[in-house]
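Peer 1: Last residue of the sequence shown? That's 137 in the numbering used here, and every number before it is there in order.
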Amino acid sequence: MTRPAPAPRLRRRFWERYPLAQLTRAEWEALCDRCGRCCLRKLEDEDTREVVFTRVACRLLCTESATCMDYPQRRRHVPDCVQLTAANIAENAYWMPETCAYRRLHHGEGLPEWHPLLTGRAESVAEAGISMAGRTLPETGIPDDELEDHVLEETF
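1. Strictly by DSSP, which residues pair up with L21?
2. Any idea what DSSP makes of V106, helix, strand or coil?
3. Looking at the strands, I want to know which residues DSSP matches up with L118.
4. Looking at C-alpha atoms only, which residue of S46, V37, H58 and L42 is the closest neighbour of E104?
5. Mind checking which residues open and close the alpha helix (DSSP H) that includes Y(-1)?
6. With a floor of 3 residues, list each beta strand (DSSP E) that falls wholly inside the segment 71 to 97, ordered by position along the chain.
7. Relative to the alpha-carbon of E134, which residue among R(-6), F34 and K23 has its alpha-carbon at the smallest distance?
8. Tell whether a beta-carbon distance below 7 angstroms holds between L86 and L1.
9. Need the endpoints of the alpha helix (DSSP H) that E8 sits in, please.
10. Taking the alpha helix (DSSP H) that H58 belongs to, which residues open and close that run?
11. Touch check for the segment 119 to 134 and the segment 47 to 58: three-plus C-beta pairs under 8 angstroms?
12. Closer than 8 angstroms by C-beta to Y75: which residues in its own chain qualify, once you throw out the five before and the five after it? Chain order, please.
13. Check each candidate in P60, R56, V63 and R6 and name the one with the smallest Cα separation from R(-10).
14. Our contact map puts A80 next to C16 with C-beta atoms below 8 angstroms; I'd like the distance itself, whole angstroms only.
15. Which residues share a DSSP beta bridge with C49?
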């Protein structure tokens, strides 16, 4: 019988001690709180670059759990899915949710108090009202010209 691989070790409070470019892959992935907000369809004003979020989710986002249904292969299914890295965070941070750890750390801010790395509990994201689980619509069947009908009023 094969044992599962042990969970990768994370350096203590790595997000406070190392710049994004020096994080291990496991640390980088641990920054994601799994809220699903970055996977929502967005509308961007081409002149101002102002971004508004809709409740319409990427076709790979599970509307029940707000997690990607094929994260390792997501770019194969959704070619324009952004694979966020330390090298491209500067050009992508403007459209990321304001609560996003990657965006916050890029801008020199700390993690929000509800972040699982601080609470030790994945449920803290939903308890803080940040998770999009159960709050989205699948993009299949919603034409692009109807996205404006689904803009979220809350600030992201």
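Positions of the beta carbon are idealized from the N, C-alpha and C atoms, including for glycine.
Peer 2: Per the coordinate set shown:
1. Answer is A38.
2. It is helical.
3. Residue pairing of L118 in beta bridges, as defined by DSSP: V37.
4. Nearest option by C-alpha distance: S46.
5. Where Y(-1) is concerned, there is no enclosing alpha helix (DSSP H), because DSSP gives it neither an H nor an E.
6. Runs of the beta strand (DSSP E) inside the segment 71 to 97: none found.
7. Its Cα nearest to that of E134, the residue F34 stands out among R(-6), F34 and K23.
8. L86 places its beta carbon less than 7 angstroms from that of L1.
9. Counting along the chain, E8 sits inside the alpha helix (DSSP H) bounded by residues R6 to L12.
10. H58: member of the alpha helix (DSSP H) spanning R55 to H58, first to last residue.
11. No, because fewer than three Cβ pairs between the segment 119 to 134 and the segment 47 to 58 fall closer than 8 angstroms, the two stretches do not touch.
12. In the same chain as Y75, and ignoring 5 residues on each side of it, the C-beta atoms closer than 8 angstroms to its own belong to R30 and V32, in chain order.
13. Ranked by Cα distance from R(-10), the options P60, R56, V63 and R6 are led by R6.
14. Note on identity: in this sequence residue 80 is Thr, with Ala being the wrong assignment. That belief holds up - the Cβ atoms of T80 and C16 are roughly 7 angstroms apart, short of 8 angstroms.
15. Beta-bridge pairing links C49 to L42.
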